[in-house]
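Numbering (my numbering), first residue to last: 4 to 446.
All C-beta atoms, glycine included, are put in the ideal place defined by N, C-alpha and C.
These numbers come from a predicted model, not from an experiment.
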């Protein structure tokens with residue numbers, strides 16, 4: 004492309020230089036020749052349409068034998084109307100100058116056409132048209148056409164052409180070398196940057212794999228911790244049932260129902276209600292800590308077990324609505340759902356008296372969606388959130404451990420709504436969640 008561009012530029016510059024040089028030489032030659040021809044035609048006056056025989060003989064002598072013999076090959080004289088009236092090459096044959104060219108000549112312009120009029124075996128010549136003026140009035144009276152021999156001019160132009168092409172070739176080579184150096188340097192820079200990018204990509208890929216491995220390990224640890232915690236809570240519940248509850252029950256049995264000593268009856272009457280209240284609270288705590296066997300239960304059966312247990316313990320009714328749930332889910336998801344429903348219903352029983360209890364369960368966007376609400380009570384949602392009770396804190400911890408979200412809001416009727424979303428798909432379990440982030444209500 005560079006060679007083609009420099010070649011086109013060289014030809015264009017050569018043509019412009021040749022045309023300019025030829026025009027300058029033509030104007031110089033026209034002035035010189037006009038000075039020689041003018042004395043022969045000055046006496047003819049203006050509006051000349053024919054030359055006298057004496058003028059024609061004088062012009063032939065000047066061209067063939069005089070001062071112009073070595074410089075001019077042929078001479079033609081045209082009238083201002085564009086008709087040929089004299090020619091050293093032969094008698095006029097009715098030739099005429101084209102109107103556009105004639106107009107330029109009558110305006111005083113010297114014209115040197117680009118074409119070469121050399122014949123075979125003859126030297127190069129330059130065709131020149133020039134106006135001939137009346138020396139007294141400086142008015143154009145005739146138009147001269149002559150063919151000037153141009154061997155010297157052609158040699159000068161040839162030398163100029165060779166110098167021009169040599170200059171263009173040097174400039175082209177310089178530009179080519181500069182472009183080559185620039186491109187080579189850019190290639191080295193690109194190669195270096197590509198190597199750096201590839202190294203960065205490899206490091207980023209290695210870090211991504213490592214982070215993915217660590218994330219999966221952390222998720223596995225959280226799920227394992229959640230299941231272990233449930234086992235631990237169940238063991239505590241069983242220990243409470245087998246230990247303190249049994250001992251308090253034995254204490255109640257060993258207290259004599261009646262005693263002749265009024266002091267003993269008074270002690271029994273004072274301690275029996277306290278022991279019965281303590282037994283009731285311990286049994287309630289033990290029942291809440293011990294997780295039913297849900298390993299083989301479906302998601303619907305797991306949530307139904309939590310609702311049934313609450314109804315049996317509190318003697319209240321709970322509405323339920325189940326969507327189209329899958330038949331199988333990971334055990335960690337089912338355990339978390341059981342605990343969320345259990346704790347939310349217990350809060351509804353404590354703060355709303357079990358009024359308007361409703362559990363809604365659905366499966367949406369690869370997530371188990373739970374919504375537990377009541378009809379309202381003495382405790383406000385804002386107060387519950389600000390208090391940061393163990394129940395809400397435990398629910399939030401369980402849900403976040405499985406990459407889920409939990410939100411607590413008010414219903415239109417003034418009740419409380421607990422909304423939980425638990426991702427079920429493995430890719431959801433590895434999604435990034437900030438445990439300290441306040442859950443948003445997505446219902």
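Segment contact, 8 Å Cβ cut-off, at least three pairs: the segment 92-105 with the segment 170-183: No contact exists between the segment 92-105 and the segment 170-183.
Quick one: any contact between the segment 57-71 and the segment 176-191, if contact means 3 or more CB pairs under 8 Å? The segment 57-71 vs the segment 176-191: no contact.
Exposed or buried, what is residue 326 when buried is set at 16 or more other beta-carbons lying within 10 Å of its beta-carbon? Here residue 326 is exposed. Its C-beta has fewer than 16 other C-beta atoms within 10 Å.
Residue 31, buried or exposed, once every other Cβ within 10 Å from all chains shown has been counted against 16: Burial call: exposed.
For residue 308, I'd like the list of residues in its chain whose CB is within less than 8 Å of its CB, leaving aside the five on either flank, ordered along the chain. Excluding sequence neighbours, residue 308 sits near 295, 297, 300 and 341.
Counted within 10 angstroms of its Cβ, other Cβ atoms place residue 269 as buried (16 or more) or exposed: It counts as exposed.
How about the segment 213-228 and the segment 307-322: do they share at least three Cβ pairs that are nearer than 8 Å? No, the segment 213-228 does not touch the segment 307-322.
Just confirm the distance between the C-beta atoms of residue 88 and residue 147, as a whole number of angstroms; I'd bet it's less than 8 Å. With a Cβ gap of about 11 Å, residue 88 and residue 147 do not count as contacting.
First and last residue of the beta strand (DSSP E) that includes residue 61? Judged by DSSP secondary structure, residue 61 falls outside any beta strand (DSSP E) and instead within the alpha helix (DSSP H) spanning 56-67.
As assigned by DSSP and simplified to three states, the class of residue 125: Since pLDDT at residue 125 reaches only 47, below the 50 mark, its modelled position is unreliable, and no value is offered.
When the Cα atoms are used, what is the spatial distance from residue 421 to residue 370? Those two C-alpha atoms are separated by around 16 Å.
Tell me the residue span of the alpha helix (DSSP H) that contains residue 349. Its alpha helix (DSSP H) spans residues 334-355.
Compare the beta carbon distance of residue 419 and residue 377 with 8 Å and say whether it is the shorter of the two. Taking a C-beta distance under 8 Å as the contact criterion, residue 419 and residue 377 qualify as a contact pair.
With distances taken from CA atoms, which of 352, 281, 339 and 333 is nearest residue 316? Nearest option by C-alpha distance: 352.
Paired residues, beta bridge with residue 370 - DSSP: In DSSP, residue 370 forms a bridge with 367 and 426.
Quick check: residue 373 and residue 360, are their CB atoms within less than 8 Å of each other? No, Cβ-Cβ distance for residue 373 and residue 360 is not below 8 Å.
Per DSSP, which residues does residue 132 bridge with? Please list them. Looking at the DSSP assignment, residue 132 forms a beta bridge with 114 and 148.
What are the residues that DSSP puts in a beta bridge with residue 408? Residue pairing by DSSP places residue 408 opposite 424 in a beta bridge.
Are the CB atoms of residue 75 and residue 150 nearer to each other than 8 Å? Taking C-beta atoms as the reference points, residue 75 and residue 150 count as a pair closer than 8 Å.
State the Cα-Cα distance for the pair residue 11 and residue 165, rounded to the nearest angstrom. Roughly 15 Å between the two C-alpha positions.
Would DSSP call residue 415 helix, strand or coil? Shown here, residue 415 sits in coil according to DSSP, grouped into three states, outside any helix or strand.
I believe residue 51 touches residue 84 by the beta-carbon criterion, under 8 Å. Please report the beta-carbon distance rounded to the nearest angstrom. Actually they do not touch by this definition, with Cβ atoms about 10 Å apart.
Between the alpha carbons of residue 44 and residue 14, how many angstroms are there, rounded? Their backbone Cα atoms lie some 42 Å apart in a straight line.
How would you call residue 29, buried or exposed, if buried means at least 16 neighbouring beta carbons within 10 angstroms? Residue 29 is buried by the Cβ-count criterion.
Residue 400 versus 167, 209, 232 and 33, residue with shortest Cα-Cα distance: Answer by Cα proximity: 232.
Based on Cα-Cα distance, which residue from 86, 379, 129 and 235 lies nearest to residue 357? Measuring from the Cα of residue 357, the nearest candidate turns out to be 379.
Under 8 Å, do residue 105 and residue 114 count as touching if we go by C-beta distance? No; because the gap between Cβ atoms is not below 8 Å, this pair is not in contact.
DSSP beta-bridge partners of residue 323: The partner list for residue 323 (beta bridge, DSSP) reads 362.
Quick one: give me the first and last residue of the alpha helix (DSSP H) that residue 312 is part of. From DSSP, the alpha helix (DSSP H) with residue 312 extends over 302-317.
Spell out the partners DSSP gives residue 81 in its beta bridges. Note: residue 81 sits in a beta bridge opposite 87 and 146.
Could you tell me which of 220, 208 and 134 sits nearest to residue 38, measuring between CA atoms? Of the listed residues, the one whose Cα sits closest to residue 38 is 134.
Who are the near neighbours of residue 363 in its chain, counting only those whose CB is closer than 7 Å to its CB and skipping five residues on each side? Excluding the 5 residues flanking it on each side, residue 363 has same chain C-beta neighbours closer than 7 Å at 324 and 374, in chain order.
At the level of alpha carbons, what is the spacing between residue 103 and residue 145? Looking at the two C-alpha atoms, the distance is approximately 17 Å.
When the distance is taken between beta carbons, is residue 63 closer than 8 Å to residue 91? Going by C-beta atoms, residue 91 is nearer than 8 Å to residue 63.
Please say whether residue 335 and residue 405 have beta carbons closer to each other than 8 Å? A contact, by the Cβ cut-off of 8 Å.
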